[in-house]
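Visitor: One rule links them: number in our numbering = place in the sequence shown (from 1) + 1.
Using N, Cα and C, we set each Cβ at its ideal position, and we do this for glycine too.
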Amino acid sequence: MLLKVVFGPACAPSLRTGIVQRISTLMSQECPAVDVHVDDFEDGEFLAQIGSNVRGTDVYVVQPTNQPDRNFSCLLQMLQAAALGAAAKVTAVLPYCGGLRGDTKDKPRVAIPAKLMADMISQAMIAAPHRQVAIVHPHFPQINGFFHGVPVDRLYPTREMLGVTHSIVDGDISRLTPTAADAGGAKLASLYAMFLDTDALAVGDKRRPKNDRPYIRDIVGDIDGRIAMFFEDIVDTARTMMQAVMKAKEKGAIASYLAVTHPVLARGALENLRIAQEHGLKRVFTTDSICRTPEEMPDDLFTVISVGPLIGEAIWRNYTGGSISDIAGAFLESH
2 MLLKVVFGPA CAPSLRTGIV QRISTLMSQE CPAVDVHVDD FEDGEFLAQI GSNVRGTDVY
62 VVQPTNQPDR NFSCLLQMLQ AAALGAAAKV TAVLPYCGGL RGDTKDKPRV AIPAKLMADM
122 ISQAMIAAPH RQVAIVHPHF PQINGFFHGV PVDRLYPTRE MLGVTHSIVD GDISRLTPTA
182 ADAGGAKLAS LYAMFLDTDA LAVGDKRRPK NDRPYIRDIV GDIDGRIAMF FEDIVDTART
242 MMQAVMKAKE KGAIASYLAV THPVLARGAL ENLRIAQEHG LKRVFTTDSI CRTPEEMPDD
302 LFTVISVGPL IGEAIWRNYT GGSISDIAGA FLESH
């Protein structure tokens with residue numbers, strides 16, 4: 002069965018390059034990459050067309066879904082197009098899946114967006130004999146259960162982030178404290194503490210007063226005279242991160258760094274990170290899971306690590322029947 006990798010229009014060029022190069026190396030020939038042609042209509046609708054025959058092939062559709070009104074709709078069209086094109090197997094590869102943060106019904110009369118999106122992805126591939134999903138660093142690990150009857154692989158850039166963490170302190174982890182900006186990131190920070198073999202850990206105490214914005218009241222943990230290394234899956238407005246960095250400096254941290262997988266970077270995020278930079282934030286390490294311009298992620302603050310090789314290796318192992326857990330990131334070993 003022939004392998005084909007279909008790249009959606011929202012993919013970062015560096016992501017595509019990383020995937021193609023890794024697969025090409027592993028298969029000892031050029032990776033069969035396929036583009037998608039999108040026709041835009043005057044009323045705002047569009048139609049996506051896969052640019053190559055997919056009949057009887059193993060198709061991997063790569064598309065992040067930031068700005069979901071456009072990109073998620075495009076993903077669904079590509080998945081259905083591959084399935085209706087008689088692909089033998091269709092896999093949705095999501096470097097970032099916007100909308101999967103809403104995993105609970107925590108208010109009256111609201112939807113569960115993650116379940117809704119999982120159902121739509123599964124349904125788009127229904128005509129394919131075999132369906133699968135791969136997601137880079139989902140917001141919650143139980144996402145597997147949201148895709149009924151569809152296998153899900155979770156990929157984490159754990160080794161990449163551990164590498165940059167070691168480089169900051171030249172391997173001397175005793176100078177560094179894994180830190181979470183708030184309780185929501187505590188598990189992630191504690192897992193990194195375990196992988197770094199350190200007992201140090203700090204967590205921001207986030208309060209939500211009525212009729213006011215949440216704020217970081219304190220940071221609990223030993224960061225005095227140490228480097229605060231923040232770990233997050235997503236940076237959105239960066240308001241909480243800005244406050245956490247400011248509080249870390251107030252508590253005696255000599256510097257702060259941020260390792261974050263998905264640079265969502267909503268309006269005002271860069272300004273908030275610039276303020277954090279004035280209070281000791283030295284650098285933001287992130288990935289190309291979302292396509293961003295140099296203006297959106299200036300290189301005096303951001304270092305971009307490609308997840309293309311990770312995704313490329315996962316695609317190849319999936320295609321050849323190899324183990325995904327060996328390369329998916331150490332978080333899987335701890336669940």
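Around the C-beta of Val-37, are 16 or more other C-beta atoms found within 10 angstroms, so that it is buried, or is it exposed?
Guide: So Val-37 counts as buried.
Visitor: Have a look at Pro-10 and Asp-223 and give me their C-alpha separation to the nearest angstrom.
Guide: Rounded to the nearest angstrom, the two C-alpha atoms are 45 Å apart.
Visitor: What residue does the alpha helix (DSSP H) around Phe-73 start on, and which one ends it?
Guide: Its alpha helix (DSSP H) spans residues 69–85.
Visitor: Quick test of your reading: Glu-233 and Ala-187, contact by CB under 8 Å. State the CB separation rounded to the nearest angstrom.
Guide: The pair is not a contact, with the Cβ atoms about 11 Å apart (cut-off 8 Å).
Visitor: Would the segment 114–132 and the segment 271–289 be scored as touching if the rule is three or more Cβ pairs under 8 Å?
Guide: No, the segment 114–132 does not touch the segment 271–289.
Visitor: Using C-beta distances below 6 Å, list every residue in its chain close to Leu-95, excluding the 5 sequence neighbours before and after it, in chain order.
Guide: Hits under 6 Å: Ile-136.
Visitor: Mind the definition here: the segment 56–69 touches the segment 80–89 only if three or more C-beta pairs lie below 8 Å; say whether that holds.
Guide: Yes, they touch.
Visitor: Assuming Ala-203 contacts Ile-220 (C-beta within less than 8 Å), just tell me the rounded distance between them.
Guide: Yes, Ala-203 and Ile-220 are in contact; Cβ-Cβ is about 5 Å, under 8 Å.
Visitor: Can you tell me whether Val-60 is helix, strand or coil according to DSSP?
Guide: The answer is strand: DSSP assigns Val-60 an E or B state.
Visitor: Mind listing, in chain order, the continuous beta strand (DSSP E) runs of no fewer than 3 residues lying wholly within the segment 252–295?
Guide: Here the runs fully enclosed are 256–264, 282–288.
Visitor: Tell me whether the beta-carbon of Leu-311 lies closer than 8 Å to the beta-carbon of Arg-293.
Guide: Not a contact, by the Cβ cut-off of 8 Å.
Visitor: Within its chain, find whatever has a CB closer than 7 Å to the CB of Pro-264; leave out the 5 residues flanking it on each side and keep chain order.
Guide: Here the set comprises Val-236, Thr-287, Ile-291, Arg-293, Met-298.
Visitor: Please report the straight-line C-alpha distance between Phe-42 and Ile-169, rounded to a whole angstrom.
Guide: When rounded, the distance between both Cα atoms is 49 Å.
Visitor: According to DSSP, what are the bridge partners of Arg-218?
Guide: Paired residues: none, contrary to the question.
Visitor: Tell me the rounded alpha-carbon separation between Leu-117 and Gly-100.
Guide: Taking the straight line from one Cα to the other gives about 9 Å.
Visitor: Any idea what DSSP makes of Ile-316, helix, strand or coil?
Guide: Three-state result, Ile-316: helix.
Visitor: Classify His-149: buried if its beta carbon has 16 or more other beta carbons within 10 angstroms, exposed otherwise.
Guide: Per the 10 Å Cβ criterion, exposed.
Visitor: Please name the residue or residues paired with Lys-90 in a DSSP beta bridge.
Guide: Answer is Asp-59, His-131.
Visitor: From which residue to which residue does the alpha helix (DSSP H) around Val-21 run?
Guide: Where Val-21 is concerned, the enclosing alpha helix (DSSP H) stretches over 14–28.
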